[in-house]
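Here is the structure we will look at, set down as structure tokens.
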Amino acid sequence: MNIHEYQGKQLLSQYGVAVPLGKDCATAEDAKKIAEEFFKAGESMVVVKSQIHAGGRGKGTFKSGFKGGVKLCKTADDVYEKAKAMLGQVLVTKQTGEEGRLVSTLLVAGAPEIKKEFYCAVLLDRASSRPLMMVSVEGGVDIEEVAEKHPGKIIKETIDPAVGMMPYQARKLATALGLKGDLIASAAKLFLGVYKTWWECDASMVEINPLCIIVGKDGKEELVAVDAKIGLDDNALYRHKNIQAMRDLAEEAPLEIEASKFNLNYIKLDGSIACLVNGAGLAMATMDIIGHFGGSPANFLDVGGGASKEQVTAAFKIIVSDPNVKGILVNIFGGIMDCNVIATGIVAAVKETHLSIPLVVRLEGNNVVAGKKTLADSGVAIITGDSMADAAQKVVKAVGK
Amino acid sequence: MSILITPSTKVLVQGITGSFGARHAQLSIEYGSQIVAGVTPGKGGQVFEHAGKKVPIFDTVEEAAKQTGATVSAIFVPPPFAADAILEAVDAGLDLAVCITEGIPVNDMVKVKRAMIGKKTRLIGPNCPGVVTPGEGKDSHGGCRIGIAPGYIHKKGNIGVVSRSGTLTYEAVWQLTCRGVGQSTCVGIGGDPVNGTSHLDVIKMFNDDPETHGIIMIGEIGGSGEEEAAEWIKQNCKKPVAGFIAGATAPPGRRMGHAGAIVSGGKGTAAAKIAAFKDAGIGISVTPSEMADTLLQMMKR
Chain A
647 MNIHEYQGKQ LLSQYGVAVP LGKDCATAED AKKIAEEFFK AGESMVVVKS QIHAGGRGKG
707 TFKSGFKGGV KLCKTADDVY EKAKAMLGQV LVTKQTGEEG RLVSTLLVAG APEIKKEFYC
767 AVLLDRASSR PLMMVSVEGG VDIEEVAEKH PGKIIKETID PAVGMMPYQA RKLATALGLK
827 GDLIASAAKL FLGVYKTWWE CDASMVEINP LCIIVGKDGK EELVAVDAKI GLDDNALYRH
887 KNIQAMRDLA EEAPLEIEAS KFNLNYIKLD GSIACLVNGA GLAMATMDII GHFGGSPANF
947 LDVGGGASKE QVTAAFKIIV SDPNVKGILV NIFGGIMDCN VIATGIVAAV KETHLSIPLV
1007 VRLEGNNVVA GKKTLADSGV AIITGDSMAD AAQKVVKAVG K
Chain B
16 MSILITPSTK VLVQGITGSF GARHAQLSIE YGSQIVAGVT PGKGGQVFEH AGKKVPIFDT
76 VEEAAKQTGA TVSAIFVPPP FAADAILEAV DAGLDLAVCI TEGIPVNDMV KVKRAMIGKK
136 TRLIGPNCPG VVTPGEGKDS HGGCRIGIAP GYIHKKGNIG VVSRSGTLTY EAVWQLTCRG
196 VGQSTCVGIG GDPVNGTSHL DVIKMFNDDP ETHGIIMIGE IGGSGEEEAA EWIKQNCKKP
256 VAGFIAGATA PPGRRMGHAG AIVSGGKGTA AAKIAAFKDA GIGISVTPSE MADTLLQMMK
316 R
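Line by line, the protein sequences give chains A and B. Counting in the numbering used here, the first sequence runs from 647 upward without gaps. Counting in the numbering used here, the second sequence runs from 16 upward without gaps.
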């Protein structure tokens, strides 16, 4: 699960990470009020930031034509104008795809003068099965580009989960960034807080980009997390009620939300051949084989190892409600599941959904003969495939007609 | 021989009284596997009965192992308690713990993996179909089935299968069996980003097993376990290896069902894994329909 920047900063500040003064709001009036408060508190500049689960907001364009999902303002009236232009509008960035995302929340934050930008992230290093903190002097830019062009500019520190991140490791990273004097302690505190956020919230990633040196109100330099991106481990959400409450359904594809209600693992893609498969590996492989024979998959859908008739029906309803779908490939390896039960479920689902597009079914495994007979005797137009390759070729051909 | 388990391996089941654990304990008993004990805290002294077999239930793994001589555990406990269950099996000094549970928090596995350093127990999984060493009987009856794989699709023989995906393992095994070719051992290492045993660990075991003559390795997007195995195979493997990688058409940044199946930051792509396979001389099964044929053709040469 992903959360918004303002929610991420709330979590980070709970673990002692310094973030700029900020508050979320849903109306231009509130944005103005918050800005007035911040100006009164001594901020000389305030930034209005669209809250969507996608990067590239600053360089994005609203469908209304308004340019920029992140705007710096010098007055509260300007904040009101910019908030008005963003709220309720759809923002398109390089990460949203052309459909863009509706902006319904803004983060209004203090925008202190930035002296220098760094990068900091914690993620799981799969090779060592340990957490890894990465920092770089190349902040505020696309880190993947840095990794590709200047891999030496990314400094990594592996963390032993038995003891957690040690202060010396944080200081090591701080000095590697070239920090001196008081800023070393300030950075170390921040890095330890970022790690703690990652570990204690069961995050899959915490990314601070940029992490900035700013000039504080007392004239002293300090470090703050100016942006924050946090992804969370879905498997661990059960033990974080506060984070569950941060889920924003508006950021998720409606069909994916519907699928999750039936414990179906569905991911919408942009092709024309829907697939319904048991098992994640087989589901991926089914998409691949459709692609291999010249088709394009409309979705990933894993109905799991013990799919019920209700789940199969729900799965059919979900895949056919995608208007791009021109054909369906069902690929089931019924190892333990009874193929006849699945076949019965398919026939019922086809009848219930009044399916009018080509359906190719490949069944294999337990009680497959009875399953195939059920399909054949059903009176429903079903094309059967003998192998995955056969079924994939048939569905690609049927859709191509 | 086989790897990891043999038909005489004594197995205990952690979580035998849960519906999932019970169902698969029954299927393993029907397959002829030596299910000798169950463990459910608080239900010690009870008996799990199926098909005329009486399996004693214990409160702790230590007691179950001591009383029955079980050396391997099949773990079916729910995600919040799975890390604890794995470490209990490790503490009891078992040779092997096979964790089927799907949905364990990643950080729990990070801790488990750290705590297992220097311990004798090997962990397979989590989020895996388990391990099968097929038996001599009809439909491979009499083998050792640990986990959730359908037993009857197997056939005793000389091909090793290792995979991150359950259903793709079944697919490969069934393709082999339908062509009259049997398997030495089939190992599902699981679809999570942190797991106990890697592709490479299993490949090394197959390489050392005189009864394994050829290997099918099935991978998927995410991580670098396939590349690591390929690198080793290139230098060291004496046996033909055929491979398939799932996820070539998966969009980056999305988890494809398995927690570990994700392309992030341009890493872990199917293209990179397939290139590593090719470089290592691993036969590429272009579609999942050709996994067995790809290997069998290599073995004919």
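The C-beta atom is built at its ideal place from N, Cα and C for all residues, glycine as well.
Q.
Using a Cβ-Cβ distance cut-off of 8 angstroms, determine whether Asp948/A contacts chain B.
A. yes
(Q) Assuming contact is defined by CB atoms lying nearer than 8 angstroms, are Leu1021/A and Val1006/A in contact in what I supplied? (A) no
Q. Using Cβ-Cβ distances below 8 angstroms, what residues of the region 881-915 of chain A are close to chain B?
A. Asn881, Ala882, Tyr884, Arg885, Asn911, Ile913 and Leu915
Q) With a cut-off of 8 angstroms, does the C-beta of Ser918/A fall near any C-beta of chain B? A) no
Q) Would you say Glu235/B faces chain A, with C-beta separation under 8 angstroms as the test? A) yes
Q | 8 angstroms Cβ cutoff, Arg817/A in contact with chain B | A | no
Q.
Here's a check: name, in chain order, each residue in its chain whose Cβ is nearer than 8 angstroms to the Cβ of Gly145/B, leaving out the five neighbours to either side.
A. Ala89, Val113, Ile115, Ile139, Arg160, Ile161, Gly162, Ile163, Ala164 and Gly203
Q. By Cβ distance below 6 angstroms, which residues in the same chain neighbour Ser17/B in space, the five residues on each side in sequence not counted?
A. Thr148, Ser199 and Thr200
Q.
Please return the same chain residues whose Cβ sits closer than 8 angstroms to the Cβ of Gly704/A, not counting the five positions on each side in sequence.
A. Gly714, Gly715 and Val716
Q) Ser832/A lies in the beta strand (DSSP E); which residues open and close that run? A) Per DSSP, Ser832/A belongs to no beta strand (DSSP E); it is in the alpha helix (DSSP H), Asp828 to Glu846.
(Q) Taking the alpha carbon of Ile236/B as the reference point, which residue from Ala929/A, Pro813/A and Asp879/A has its own alpha carbon closest? (A) Ala929/A
Q. Taking one C-beta from the region 751-768 of chain A and one from the region 854-872 of chain A each time, how about it: are there three or more such pairs within less than 8 angstroms?
A. yes
**Q.** Assigned secondary structure, Gln49/B (DSSP; H/G/I helix, E/B strand, else coil)
**A.** strand
(Q) Just to confirm before moving on: does the CB-CB distance between Gly229/B and Gly258/B stay below 8 angstroms? (A) no
**Q.** DSSP-derived helix/strand/coil call for Lys717/A
**A.** strand
(Q) Is there a C-beta anywhere in chain A that falls below 8 angstroms from the one on Trp189/B? (A) yes
Q: Please name the residues in the region 257-285 of chain B whose beta-carbon is closer than 7 angstroms to at least one beta-carbon of chain A, in chain order.
A: Ala261, Gly262, Ala263, Thr264, Ala265, Pro266, Arg269, Met271, Gly272, His273, Ala274, Ala276, Gly280 and Gly281
Q | Where Ile119/B falls: helix, strand or coil (DSSP) | A | coil
Q) How would you write the range of the alpha helix (DSSP H) that Val725/A sits in, first residue to last? A) Ala722 to Met732
Q. What distance in whole Å lies between the Cβ atoms of Gly877/A and Ala849/A, which are believed to be in contact at a cut-off of 8 angstroms?
A. 6 angstroms
Q | Segments assigned beta strand (DSSP E), at least 3 residues, entirely inside the region 914-955 of chain A | A | 919-923 and 945-948
Q. Around the Cβ of Gly785/A, are there at least 16 other Cβ atoms within 10 angstroms (buried) or fewer (exposed)?
A. buried
**Q.** Expected contact under 8 angstroms - CB spacing of Val754/A and Ile919/A to nearest Å
**A.** The Cβ separation is near 45 angstroms, so there is no contact.
(Q) Check this for me: beta carbons of Gly980/A and Val958/A, under 8 angstroms apart or not? (A) no
Q) Does the Cβ-Cβ distance between Ile72/B and Ile31/B come in under 8 angstroms? A) yes
Q: Could you tell me which residues DSSP puts in a beta bridge with Leu752/A?
A: Cys671/A and Ser696/A
**Q.** Bounding residues of the alpha helix (DSSP H) (the contiguous stretch that carries Leu895/A)
**A.** Neither: Leu895/A is in no alpha helix (DSSP H) and is coded neither H nor E.
Q. Are at least three pairs of beta-carbons, each pair with one atom in the region 122-132 of chain B and one in the region 184-196 of chain B, less than 8 angstroms apart?
A. no
Q) Does DSSP classify Met647/A as helix, strand or coil? A) coil
Q. Which first and last residues belong to the alpha helix (DSSP H) in which Tyr814/A is found?
A. Pro813 to Ala822
Q: Can you give me the start and stop residues for the beta strand (DSSP E) that Asp771/A sits inside?
A: Ile760 to Asp771
**Q.** Other residues of its chain near Arg270/B: CB distance less than 8 angstroms, five sequence neighbours each side excluded
**A.** Ala276 and Ile277
Q) Which bits of chain A does Tyr185/B rub up against, with CB to CB less than 7 angstroms? A) Phe979 and Gly981
Q | Stretch pair the region 967-982 of chain A + the region 1008-1016 of chain A: three plus CB contacts closer than 8 angstroms | A | yes
Q) With 16 other CB atoms within 10 Å as the buried threshold, where does Val821/A fall? A) For the sequence presented, residue 821/A should be read as Thr rather than Val. Classification of Thr821/A: exposed, given that the 10 Å Cβ count is below 16.
Q: Give me the Cα-Cα distance between Gly862/A and Glu868/A, rounded to the nearest whole angstrom.
A: 6 angstroms
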